Structures are given as C-alpha cells and as structure tokens.
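For reference, the structure discussed in these notes is given below.
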Amino acid sequence: MHVITKKLDLGFDHMTLGVAMELIRSAALFKSLFFTAYVTLIGLLGLSLAAQGSSITAMYLLGDSSVDCGLNALFYPLLHRNFSIIPCDSDGTTLLPHLLAEEMGVPHSQPWYNQNGSIEAILNGLSFGSPQATIVSGGQSHQSLNQQLRQVLDTLQLLRLQLGLDTARHFIQSSLFYFSFGEVDFILDSSRGKNNLKFPQLLASQMSVAIRNLHEAGAKKIVCMGILPLGCTPRVLSQWRDSPAAVYDEKGCVKEMNELVVNYNELMEKQIVMLNEQLGDARMVFCDAYKGMMEIIGNPRRYGFEESRSACCGLGSYNASIGCVAKEIACGRVRRHVWWDLYNPTGAVNSLLANSAWRDQPFSSFCRPSTIGDLVK
C-alpha cells in the first residue's frame with residue numbers, strides 16, 4: 001500500500017521540512033559556538049593581559065564626575081545646579097580611571113545608560129557613575145551609591161545568566177571595581193550650612209557596607225579613591241573669597257572643608273584595612289587623592305603648572321561662579337592649569353595621579369597597601 005505524502009501549505013514536503021529543521025538546529029548550534037568562542041576569547045584576553053602584567057579583564061566604575069562626564073545622567077544640564085561640561089574626548093580633561101584602563105590594557109568603561117544591554121557591552125566594562133552622585137541617598141542626589149550598586153548587582157546577575165555560574169564567577173573575580181564618591185556629599189552639606197563633624201563617619205560607614213555587598217556578589221579586586229582637597233577647589237575659593245585670613249591654611253585653601261575631607265579619607269582608609277583583614281579572599285586599596293593634589297597645589301611649578309587656584313573653564317570669581325557651560329570659554333593652555341572647572345582637575349593632573357596610583361611615581365604611597373599596578377597582577 002502506497003502512502004502519499006501531502007505537501008505542506010508552506011510548500012515543503014517532509015524531506016524539505018527535515019532539512020529546514022536541521023538548518024535551524026545548525027544555526028542555533030553556530031550561535032552557541034560563536035558565543036562560547038567569544039567568551040573563550042575574553043578568557044584568552046585575560047591571559048594575554050596577565051602576560052603583560054595585568055590580570056584584569058574589565059573595569060567597572062561607580063562614582064561622581066570623577067568617573068563620568070555627564071553621559072550617564074539623563075537631562076544632565078537641566079537637573080544639576082552645578083552643571084559643567086567635562087569633555088571626555090579631550091586630552092586636557094582625561095579622567096583618572098580612563099588613564100588607569102589604558103595602563104591595564106582594557107577598554108574605557110562605557111556609560112551604563114548608553115549600553116544596549118548586550119553581553120558584549122557588559123564584558124567590555126561599564127561606568128555606573130553620574131555627576132552629582134552622592135554616597136547618601138535622597139535629596140538632590142541623582143544616581144546615589146545605593147542606586148549605582150543596584151545597577152552593578154543586576155549587571156553581575158545578567159552575567160551569570162548569560163555566561164553560566166563558573167565562567168561568570170571567574171570573570172567577576174578578574175574584573176576591577178573602582179569607587180570614587182563623596183565630594184558632592186560635602187559640597188551639599190556645606191551649602192546647607194551644616195558641616196556636621198559626624199558626617200565623615202556616616203559616609204565612610206555607608207561606603208564600607210556597599211563594598212561588602214559588592215564582595216558578596218563576587219568582586220575580589222576593589223579600588224576606593226579618596227576625596228581631593230575640596231577647600232582648594234575654585235568653587236570653594238570663590239564662595240569663601242571675602243572670608244578673614246584665619247579661614248585659610250598656608251596654601252590658601254579653606255581649612256574647614258579640607259579638615260572634613262581629611263577626616264573622611266582617614267576613616268575610609270581604616271575601613272579598607274579592616275575589610276582586607278576580614279575578607280581574606282579580596283584585595284582592596286585606598287588611593288589618597290588628597291595627598292597627591294596637595295603636593296601639586298603646594299608646588300605647582302615643579303609639576304609644570306602655572307595656575308593652581310582658578311579654573312580653566314568657567315566664569316566669574318576664580319572662573320568658578322558659573323561652571324564650564326561651553327568648551328569655547330576654556331583657557332588656551334589647559335595643561336598649565338591644575339583645575340579644569342568648579343571641582344575637577346585637568347587631565348594633566350589626572351595623569352600624575354594615575355602614574356602614582358599605578359607605579360608609585362611621582363607621589364609615593366599614593367595607594368595603600370599597594371599600588372593598583374600590583375593589585376591587578
């Protein structure tokens with residue numbers, strides 16, 4: 001008895017359908033193999049970097065304008081009272097973590113808001129930072145420490161789902177997580193006329209909790225950047241310009257602001273020491289931005305700077321009554337200025353700080369207990 005095979009509506013007979021299904025399975029297999037190859041390539045890249053002196057496969061940034069130029073903040077010019085342009089594509093305003101990424105041989109971390117959700121974008125590293133970000137949540141804060149941490153934890157969970165637990169664990173352990181927070185907290189606290197002496201302890205405590213949470217999620221290599229001397233920034237000098245001489249230290253900086261910053265930095269370094277002792281499988285370093293900046297401000301010409309008080313880009317007293325609202329108003333010799341705008345140093349300063357963080361030169365013991373170069377080996 002003969003069985004007649006009917007044609008399908010799509011025009012395929014059973015044999016053709018079988019071939020089509022095989023092609024679909026082959027395509028799925030190819031996609032799987034391609035993805036596996038991609039992940040393997042990332043692993044090989046890590047081995048290659050290790051041969052060059054770095055075991056880091058990606059860099060993830062959390063922080064304020066010290067890690068982001070405004071690309072991570074929706075409607076940044078409309079939302080922030082201290083709006084100021086920091087052109088990341090310019091040599092004169094290169095951010096410190098970008099310079100460290102080049103030392104490690106990894107891509108610059110792209111803004112979290114700009115990434116398309118692909119695994120490839122995540123594997124290349126992300127910046128969760130945002131200008132005006134604070135440690136303390138609420139108030140005028142946008143993208144606070146806790147908000148950024150949630151984004152990081154969600155991203156790490158996505159890595160586990162896409163790569164599998166073992167591959168994701170290895171990748172996370174070989175990534176560097178970089179924190180740079182706190183300056184906006186002190187700026188806002190000062191603007192309210194508070195300057196609470198207990199405030200530094202509160203900030204350091206919240207930072208410690210966030211770092212512990214990140215470690216629990218698998219992070220093993222963490223950098224915590226201290227706060228730079230806010231009392232020496234053009235904006236603070238502009239705001240305190242009519243104050244009596246007793247307000248200033250021997251370098252012409254506002255003592256009250258700097259004392260709070262030093263207090264926070266000391267507390268934060270103690271937290272890092274304690275975390276290293278308690279979390280034996282982690283390696284964390286504290287980098288003293290205050291120390292490096294004060295050396296430059298105290299001896300500007302030694303390091304090639306001509307102007308250490310006024311901003312390169314801005315308007316008004318100390319070029320800091322208004323921020324850098326357009327690149328066209330910037331000074332002509334950016335590299336001769338210590339400060340780019342209200343609170344941010346120029347790329348020339350960041351280059352000195354990055355060299356010190358990486359190889360302990362020109363400022364020794366800039367990062368403790370080890371350099372970032374040693375941390376990532």
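No gaps in the numbering here: position 360 of the sequence shown is 360 in the UniProt record's numbering, and each next residue is one more.
Yeah, the Cβ is synthetic: ideal placement off N, Cα and C, and Gly gets one too.
Only a predicted model underlies this, so the values are computations on that prediction, with no experimental measurement involved.
Paired residues, beta bridge with residue i - DSSP
i      : result
Pro345 : Trp339
Ile222 : Phe177, Met284
Val254 : Tyr248
Met274 : Met274 pairs with nothing; no bridge assigned.
Leu123 : In the DSSP output, where bridge partners are listed per residue, Leu123 has none listed.
Leu62  : Phe179
Leu315 : Ile322
For residue i, the three-state DSSP class (helix, strand or coil)
i      : result
Ile297 : helix
Pro77  : Annotation note: pLDDT 45 at Pro77 (below 50); position unreliable, coordinate value reported separately. Pro77: helix per DSSP, three-state reduction.
Val106 : coil
Glu259 : helix
Ser310 : strand
Leu214 : helix
Gly373 : helix
Ser48  : Bear in mind that the predicted position of Ser48 carries a pLDDT of just 40, short of 50, making it too unreliable to give a figure here.
Cys367 : strand
Ser191 : helix
Pro131 : coil
Pro200 : helix
Ile172 : helix
Gly231 : helix
Trp358 : helix
Pro111 : strand
Gly329 : The amino acid at residue 329 is misidentified as Gly; the sequence shows Ile. Three-state DSSP puts Ile329 in a helix.
Leu352 : helix
Leu41  : Legend: pLDDT at Leu41 = 46, less than 50; position of this residue unreliable, value from coordinates given subsequently. Leu41 falls in the helix class under three-state DSSP.
Pro87  : coil
Phe186 : helix
Val334 : helix
Val136 : coil
Leu100 : helix
Gln143 : coil
Thr94  : coil
Leu279 : coil
Thr167 : helix
Candidates the options, of which the one nearest residue i by Cα
i           : options                        : result
Cys287      : Arg169, Leu161, Phe363         : Phe363
residue 386 : Glu183, Cys88, Phe171, Met59   : Since the first and last residues shown for the chain are 1 and 377, residue 386 lies out of range.
Gln162      : Gly117, Lys327, Ser321         : Gly117
Phe186      : Gln173, Arg212, Ala133, Ala357 : Ala133
Ile85       : Ser66, Glu102, Glu103          : Ser66
Met225      : Leu188, Cys253, Gly323, Leu267 : Leu267
Ala101      : Tyr318, Leu176, Glu216         : Leu176
Arg169      : Asp360, Leu149, Gly218, Ser351 : Gly218
Leu260      : Ala348, Asp242, Arg283, Tyr290 : Tyr290
Asn146      : Lys220, Arg301, Pro87, Gln206  : Gln206
Lys221      : Arg335, Val285, Leu352, Thr155 : Val285
residue 401 : Leu156, Asn265, Ala320         : Outside the displayed span of the chain (1 to 377) sits residue 401, for which this structure offers no information.
Gly252      : Asn299, Gly347, Asn265         : Asn299
Arg241      : Asp68, Tyr318, Met104          : Tyr318
Gln115      : Gln151, Pro87, Gly164          : Gln151
Phe305      : Leu279, Ala282, Ser351, Val325 : Ser351
Tyr113      : Gly70, Arg336, His98           : Gly70
Gln148      : Thr167, Phe181, Phe171         : Phe181
Cβ separation of residue i and residue j, assumed to be a contact under 8 Å, to the nearest whole Å
i      : j      : result
Pro229 : Asn258 : 5 Å
Ile56  : Ser174 : 6 Å
beta-carbon residue i near the ligand FMN non-hydrogen atom, thresh 7 Å
i      : result
Asp288 : The ligand FMN is absent from the structure shown, which contains no ligand whatsoever.
The region 102-109 / the region 117-126 touching (three or more Cβ pairs under 8 Å): yes
Three-pair Cβ contact test at 8 Å for the region 220-234 versus the region 300-318: yes
The region 321-334 in contact with the region 291-300 per 3-pair CB rule at 8 Å: no
Segment contact, 8 Å Cβ cut-off, at least three pairs: the region 246-256 with the region 200-220: no
contact_flag[the region 210-229, the region 268-283] where n(CB pairs < 8 Å) is 3 or more: yes
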